Amino acid sequence: MNFLDIFFLVVISFFFLRGIYRGLVQEVSSLVALFLGFFLANRYWQKVLPLMEEIIPSETWAKICSYLAVLIGVMFIIFIISTILKHLLKMAFLGWLDRIGGAAIGLLKALVLCSIFLMILTSFLPARSEALQTSKLAPYVHRSSLFLAKLLPKELKDRFEENKKTLERKWKQKLLPGIENE
C-alpha cells in the first residue's frame, strides 16, 4: 500500500462516515440546493436587482448581492425542506434508511473525487510513476475515471489515454499474475 492508496482510503472513509452522519436527505438536498440555486440565480438575479439598487448604491455590488440573494435564498429554502423531511423520516422510524442512503451517496462522492484525483495524476505523471503502478486501489478507481476522462480537454485526454494503456498493462500483470498480456 502506498500514499495513493492511503489517500483513497482516507477520502472514502471520510465521505462514507460523513454520509452516515448527514443522511441521504441532507446529502442529496445539499447537491440539489447548490445546482438549483445556481440555475435560479442565473435566471432571476435581474428580477431582484431593482430591490438591491434601492439598498446598495454601487451598481456592481447591487448585481453581486442580487445574484447571491437568489442563490442563498434557494439554498436556505431547500435546507428548511430537507430538515423537515429528515424529522419526518425519524418520526416514521426510517432514520436508519436515511443513514444507509447517506452512506451510499457518500461513497459515490468519494469515488468521484478519487477518480478525478487519479485522472489528474494519470494525465500529468509519467506512466512509469511508481505511485500509480504500485497502488493496490488505483486499478479499481481507474474504472470510474474512464467516464470522467471523456470530459477532459483534448490535450489532457490524449495524455490520459496514452498513460492509461501503460498502466492497465502493469495493473493487469499485478492482478492476474501468470497471464500473458496482448
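Taking our numbering, the leading residue of the sequence shown gets 147, the next gets one more, and so forth.
Think of the CB as a built atom: it goes at the ideal place given N, C-alpha and C, for glycine as much as any other residue.
Given the structure is predicted, the values throughout are model-derived calculations rather than measurements.
Annotated as distal: D244 and V178, with beta-carbon spacing of 8 Å or more. With contacts defined as CB atoms closer than 8 Å, T312 and A273 qualify as a contacting pair. The residues F161, F162, R164, G165, in chain order, have a CB closer than 6 Å to that of G252 in the same chain once the five nearest residues on each side in sequence are set aside.
Given a length threshold of 3 residues, the stretch 256–306 has no whole run of the beta strand (DSSP E) inside it. The beta carbon of K303 sits closer than 7 Å to the beta carbons of A295 from its chain, once the five residues preceding and following it are set aside; these are given in chain order. In this structure, the beta-carbon distance from G169 to K209 does not fall below 8 Å. Beyond the five residues adjoining it in sequence on each side, L217 comes within less than 7 Å, by CB distance, of G183, F184, A187 in the same chain, given in chain order.
At the C-beta level, S290 and S269 stay beyond 8 Å of one another. Secondary structure within the stretch 161–197: not one fully enclosed alpha helix (DSSP H) run of 4 or more consecutive residues is present. Counting the other Cβ atoms within 10 Å of the Cβ of M221 gives 16 or more, which makes it buried.
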